[in-house]
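Taken in order, these protein sequences are the chains called A and B. Residues in the first sequence are numbered consecutively from 1, following UniProt numbering. Residues in the second sequence are numbered consecutively from 1, following UniProt numbering. Each residue gets a CB set at the ideal place from its N, CA and C atoms; glycine is no exception.
Number of protein chains: 2
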Amino acid sequence: MTVRILLVEDQAIVRNGLKLILEQDEEFQVIVEAGNGIEALSRLEHTHVDLVLMDVRMPEMNGIEATKRIKSLYPNLKVIILTTFEDDEYAYQTLKDGANGFLLKSSEPEKLLSSIHSVLSGGLVLQEDIAAKLMPKLLRQSVVAKDVEIQLSLTERELSIVKLVGEGKSNKEIANSLFLSIGTVKNHITNILQELDLRDRTQLAIYAVKNGLV
Amino acid sequence: MTVRILLVEDQAIVRNGLKLILEQDEEFQVIVEAGNGIEALSRLEHTHVDLVLMDVRMPEMNGIEATKRIKSLYPNLKVIILTTFEDDEYAYQTLKDGANGFLLKSSEPEKLLSSIHSVLSGGLVLQEDIAAKLMPKLLRQSVVAKDVEIQLSLTERELSIVKLVGEGKSNKEIANSLFLSIGTVKNHITNILQELDLRDRTQLAIYAVKNGLV
DNA sequence: GGATAAAAATGACTTTGGTCACAATGTTTC
DNA sequence: GAAACATTGTGACCAAAGTCATTTTTATCC
């Protein structure tokens with residue numbers, strides 16, 4: 001049983017690359033292609049496909065809007081979003097609209113293929129990096145997700161202070177709970193703010209929450 | 001490269017069945033087995049594994065608690081939860097604790113295997129039925145909370161100030177962007193803090209972020 | 001029309017936060 | 001052993017945040 005795929009991607013070179021990767025798996029067949037969301041929608045009117053692979057950034061109509069419309073017209077059609085690491089902001093909205101998966105363009109080909117199989121057999125697939133960024137947003141509580149960036153630039157002590165700031169603690173409370181003087185806590189915070197290029201504890205707290213440190 | 005698996009499941013018959021399925025894929029090797037969470041943890045101390053397949057319902061220590069502990073001890077170890085359709089209540093908590101996937105025991109063997117591959121290559125996999133039940137729950141949480149609780153108690157003006165605080169803006173910046181005096185902004189914030197039972201702008205910012213106001 | 005409440009403002013005041021300079025100690029690294 | 005860095009601390013200082021009392025205007029509700 002072959003899987004009929006609609007590939008939506010504006011850059012012809014990337015599109016061809018993806019097509020080659022997909023058709024390494026003999027089950028997959030790219031039977032339609034489109035360069036933007038509007039084109040994709042009109043293609044779907046005339047052709048039956050099993051799966052849509054959709055780029056996020058495109059002219060005319062982007063992947064977010066296109067996914068929304070496709071899903072409202074064909075709720076059972078599988079849609080997988082192709083994205084770059086920077087585009088994860090959109091992930092939230094698109095999942096809401098019913099996308100079945102989120103894959104990074106930079107993935108290994110095998111990873112891409114196995115994820116597609118997983119979606120076809122009825123799953124929702126999020127790639128690790130995206131899931132890591134998304135889950136805190138959805139779950140709003142500490143998962144594991146210690147950011148690489150943060151840990152590179154901050155020391156153990158600083159990290160534990162950041163967490164407490166992210167819980168809304170005052171310097172006095174932090175000092176008490178870590179058995180430090182208030183002055184020391186202040187010094188640490190000054191250093192942290194400089195390191196992370198933030199202005200005050202409020203921005204630091206926001207940073208901590210958004211990065212799932214709390 | 002073989003994948004070393006720890007299989008945690010209390011019923012011997014089911015465990016053997018799963019083992020047979022898993023080892024149909026020559027990459028997979030069940031090298032350790034455990035009948036409950038406590039056993040699983042002690043096995044992990046002595047043996048290195050790449051993946052844990054964990055049943056939810058078990059005597060002594062259930063899969064939820066076990067996953068939590070395993071993930072805090074070995075954050076990079078992949079954990080997939082095996083569940084029945086009725087157990088989806090737990091899914092939420094366990095995802096929070098960092099589980100990498102959720103599979104139904106009733107799945108087709110191939111589905112199971114492809115999902116495991118997907119998790120190993122860095123994904124988060126939710127099976128359709130579970131995702132369908134879970135997503136609304138997750139999406140509702142962060143979005144709806146805002147309208148119900150907060151908007152009941154805060155005025156328009158106050159709400160717009162809360163958002164700016166949630167972006168890390170200072171009183172001066174808020175005053176400028178809303179064309180108010182600094183004193184007015186301070187007054188508003190005092191009222192907001194009282195209304196929401198918070199202490200300072202940092203706690204307010206955290207509140208705003210966690211409730212998806214930013 | 002009077003009551004109620006949001007919105008805006010001012011001034012005086014206290015507390016907290018953040019910066020800076022400087023210092024002491026211990027650990028790790030080369 | 002010197003250099004680099006993490007950690008802790010002090011004291012002085014200024015800026016920002018937050019509280020409180022009080023006032024004015026405007027709009028809405030009964």
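Can you tell me the Cα-Cα spacing of residue i and residue j, whole angstroms?
| i | j | result |
| --- | --- | --- |
| SER72 (chain A) | VAL8 (chain A) | 18 Å |
| LEU113 (chain A) | LEU77 (chain A) | 18 Å |
| ILE161 (chain A) | VAL185 (chain A) | 8 Å |
| VAL56 (chain B) | ILE70 (chain B) | 14 Å |
| ALA205 (chain B) | GLU167 (chain B) | 7 Å |
| ASP50 (chain B) | GLY17 (chain B) | 20 Å |
| residue 234 (chain B) | LEU6 (chain A) | Because chain B is modelled from 1 through 214, residue 234 (chain B) falls outside the range shown and cannot be assessed. |
| LYS19 (chain A) | GLY35 (chain A) | 14 Å |
| THR83 (chain A) | GLU65 (chain A) | 14 Å |
| LYS111 (chain A) | MET54 (chain A) | 17 Å |
| SER106 (chain A) | LEU22 (chain A) | 14 Å |
| LEU180 (chain B) | ASN211 (chain B) | 26 Å |
| VAL14 (chain B) | VAL30 (chain B) | 14 Å |
| ASP200 (chain A) | GLU158 (chain A) | 15 Å |
| ILE116 (chain A) | VAL125 (chain B) | 11 Å |
| ALA99 (chain A) | ILE174 (chain A) | 42 Å |
| ASP10 (chain B) | ILE81 (chain B) | 14 Å |
| residue 216 (chain A) | LEU41 (chain A) | In the structure as shown, chain A begins at 1 and stops at 214. Residue 216 (chain A) is therefore absent and cannot be evaluated. |
| residue 218 (chain A) | GLN194 (chain A) | Lying before the first or after the last residue shown, residue 218 (chain A) is absent from chain A, which here runs from 1 to 214. |
| VAL3 (chain B) | GLY37 (chain B) | 21 Å |
| HIS48 (chain B) | THR67 (chain B) | 16 Å |
| TYR74 (chain A) | VAL165 (chain B) | 41 Å |
| PHE28 (chain A) | VAL52 (chain A) | 12 Å |
| ILE192 (chain B) | TYR207 (chain B) | 12 Å |
| ARG43 (chain B) | GLN24 (chain A) | 40 Å |
| LEU95 (chain A) | LEU104 (chain A) | 15 Å |
| LYS163 (chain A) | LEU213 (chain B) | 21 Å |
| LYS169 (chain B) | LEU198 (chain A) | 11 Å |
| GLU26 (chain B) | MET61 (chain A) | 45 Å |
| SER118 (chain A) | LEU120 (chain B) | 12 Å |
| VAL209 (chain B) | PHE102 (chain B) | 28 Å |
| PRO59 (chain A) | GLY123 (chain A) | 29 Å |
What three-state label does DSSP hand residue i in the structure shown?
| i | result |
| --- | --- |
| GLY212 (chain B) | coil |
| LYS105 (chain A) | coil |
| ARG4 (chain B) | strand |
| VAL143 (chain B) | Annotation note: pLDDT 42 at VAL143 (chain B) (below 50); position unreliable, coordinate value reported separately. Three-state DSSP puts VAL143 (chain B) in a helix. |
| VAL52 (chain A) | strand |
| GLY63 (chain A) | helix |
| GLU9 (chain A) | coil |
Does the Cβ of residue i have 16 or more other Cβ atoms within 10 Å, making it buried, or fewer, making it exposed?
| i | result |
| --- | --- |
| ASP97 (chain B) | buried |
| ASN171 (chain A) | buried |
| GLU108 (chain B) | exposed |
| GLY183 (chain B) | exposed |
| ASN176 (chain B) | exposed |
| HIS46 (chain A) | exposed |
| ALA12 (chain B) | exposed |
| THR155 (chain A) | exposed |
| GLN203 (chain B) | buried |
| MET1 (chain B) | exposed |
| THR190 (chain B) | exposed |
| SER39 (chain A) | Correcting the residue identity first, residue 39 (chain A) is Glu in this sequence and not Ser. So GLU39 (chain A) counts as buried. |
Return the first residue and the last residue of the alpha helix (DSSP H) that residue i is part of.
| i | result |
| --- | --- |
| LEU41 (chain A) | 37-46 |
| LYS186 (chain A) | 182-196 |
| LEU164 (chain A) | 156-166 |
| ASN176 (chain A) | 171-178 |
How far does the beta strand (DSSP E) with residue i in it reach, from first residue to last?
| i | result |
| --- | --- |
| GLU33 (chain B) | 28-34 |
| LYS19 (chain B) | Unbroken run through LYS19 (chain B) is the alpha helix (DSSP H), 12-22; no beta strand (DSSP E). |
| LYS78 (chain B) | 78-83 |
| ASP25 (chain A) | Per DSSP, ASP25 (chain A) belongs to no beta strand (DSSP E) and is neither H nor E. |
**Prompt:** Got a sec: which bits of the UniProt domain "HTH luxR-type" (147-212) of chain B sit with their beta carbon under 9 Å from any beta carbon on chain A, in order along the chain?
**Reply:** Contacts with chain A (Cβ-Cβ distance below 9 Å) from the UniProt domain "HTH luxR-type" (147-212) of chain B involve VAL165, GLY166, GLU167, GLY168, LYS169, SER170, LEU198, ARG199, ASP200, ARG201, THR202, GLN203, LEU204, ALA205, ILE206, TYR207, ALA208, VAL209, LYS210, ASN211, GLY212, listed in chain order.
**Prompt:** Going along the chain, which residues of the stretch 109-121 of chain A sit with their C-beta nearer than 8 Å to a C-beta in chain B?
**Reply:** Against chain B - using a Cβ distance shorter than 8 Å - the residues of the stretch 109-121 of chain A are GLU110, LYS111, SER114, SER115, HIS117, SER118, SER121.
**Asked** Taking Cβ-Cβ distances below 7 Å as the criterion, which residues of the stretch 32-49 of chain B are in contact with chain A?
**Response** Across the stretch 32-49 of chain B, no CB contact with chain A closer than 7 Å is found for any residue.
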